[in-house]
Amino acid sequence: MINLLLNHKIFDKNPPILFDLGAGGDPKLDWKKLHRYSHIFKLDANKNIEDNKNKNSTIINEIVFDKKKKVNFNITKSVFCSSLLNPNMEELENWSFRNKFEIKRKLKVQTKTLGQVIRENKINKIDLIKLDLQGIDLKVFKSIPIKIRKKILLAEFEPGLYNFYKNEDKLSEILNFMENDYSIEEFVFSSSIKSNYKLHNSFTFLQRKSLNLINKKTKFYTNISFLRKKKFLIKKDLRSILLMLAILILKKRYTEALEIVKKYSHID
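In the numbering used here, the protein residues as written are 3 to 270.
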């Protein structure tokens with residue numbers, strides 16, 4: 003069914019646009035069925051991210067923020083914790099993975115807004131977007147020009163549940179900002195043992211392995227995705243309607259897909 007929808011002639015010269023910010027992390031596996039029909043923009047500061055020779059993708063090596071400015075980029079012990087924000091070491095003392103956030107060096111970088119990147123690459127729409135930007139997901143999402151932002155059908159964020167960075171975007175702020183135009187599609191949590199860093203380091207390897215099996219884990223960050231509410235679909239915008247149907251089927255939201263079919267089948 004997804005193949006049938008996305009093979010519609012309306013997508014021939016206007017394919018779905020997928021935006022993956024922080025693309026150096028895990029690939030978006032649940033977008034895989036959309037890849038062959040879409041153009042994917044992968045944005046990451048790391049110049050060595052894998053492209054897998056995908057002719058439908060464009061890699062953009064830029065550092066985005068909500069403002070254009072020169073700032074320090076913190077390179078941390080784990081590359082996946084590197085951020086424009088400073089680690090909050092006071093909070094991180096309570097966690098066994100504190101050392102991943104230790105700053106190895108600081109780079110002075112010139113940031114761009116996502117609006118700038120969109121203009122420079124002549125992008126006129128975004129359909130799906132994933133943001134994994136270590137504490138600044140919402141800031142960057144809000145900086146997207148409103149004309150483009152209001153047509154995004156699916157948005158995914160990866161906020162922490164604790165203040166691992168100073169002045170990071172909080173989950174509550176994301177929920178408050180998104181609630182008017184979007185409904186929550188999915189909440190997925192990641193967990194780890196909450197343990198004082200010094201205490202955890204005092205355990206032997208076998209003690210740590212045992213604790214990992216028997217100690218209750220604490221949820222510490224989430225992957226949360228939002229779907230644009232169906233009432234904001236524009237009746238004459240067949241492209242968005244067909245793409246929304248494909249997303250709903252991909253997410254196994256069949257009854258919601260049927261609602262759209264009943265409402266808009268007369269236009270195609």
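All residues carry an ideal CB built from backbone N, CA and C; glycine is no exception.
Since we're looking at a predicted model, the values are computed, not measured.
Note on ARG107: under 16 other CB atoms within 10 angstroms of its CB, so exposed under the neighbour-count rule. Residue pairing from DSSP places ALA157 in a beta bridge opposite ILE131 and PHE228.
Burial check for PRO18: the Cβ neighbour count within 10 Å reaches 16 or more, so the residue is buried. Annotated three-state conformation of LYS141 is helix, per DSSP. Nearest C-alpha to LYS219 among ASP129, TRP97, LYS127 and LYS110: TRP97.
Taking C-beta atoms as the reference points, LEU245 and LEU133 fail to come closer than 8 Å. Within the region 187 to 240, the complete beta strand (DSSP E) segments at least 3 residues long are 220 to 230, listed from N- to C-terminus. Remark: C-beta atoms of SER227 and LEU235 do not approach each other more closely than 8 Å. Closest option to THR60, judged by alpha-carbon separation, among LEU94, LEU20 and GLU261: LEU20. The C-beta distance from THR78 to GLU95 rounds to 16 Å, too long to meet the 8 Å contact threshold. Note on LEU140: 16 or more other CB atoms within 10 angstroms of its CB, so buried under the neighbour-count rule.
Here THR257 is exposed: its Cβ has fewer than 16 other Cβ atoms, across all protein chains shown, within 10 Å. Taking a contact as a CB-CB distance under 8 Å, the pair ASN76 and ASN88 counts as one, their CB atoms being some 6 Å apart.
Under the rule that a run must span 4 or more residues, the alpha helix (DSSP H) segments found entirely inside the region 45 to 115 read 91 to 94. The count of Cβ pairs closer than 8 Å, one atom from the region 108 to 116 and one from the region 191 to 200, stays below three, leaving the stretches out of contact. If you check the CB distance, LEU229 and TYR184 come in under 8 Å.
Separation of LEU240 and ILE120 (C-alpha to C-alpha, rounded to the nearest whole angstrom) is 24 Å. In the displayed model, GLY24 falls within coil according to three-state DSSP, outside both helix and strand. Looking only at ASN9, LEU252, VAL66 and ILE176, the smallest Cα-Cα distance to ALA47 is reached by VAL66.
The criterion of a C-beta distance shorter than 8 Å is not satisfied by ASP68 and LYS172. Ranking SER204, LEU252 and ASP270 by CA distance to the CA of LEU36 puts LEU252 first. A straight line joining the alpha-carbon of GLY137 with that of GLU170 spans about 4 Å. By the 16-neighbour rule on beta-carbons within 10 angstroms, LYS44 is buried. In the three-state DSSP reduction, TYR184 falls in the strand class (E or B). As the crow flies, the alpha-carbon of ASP270 is around 11 Å from that of HIS10.
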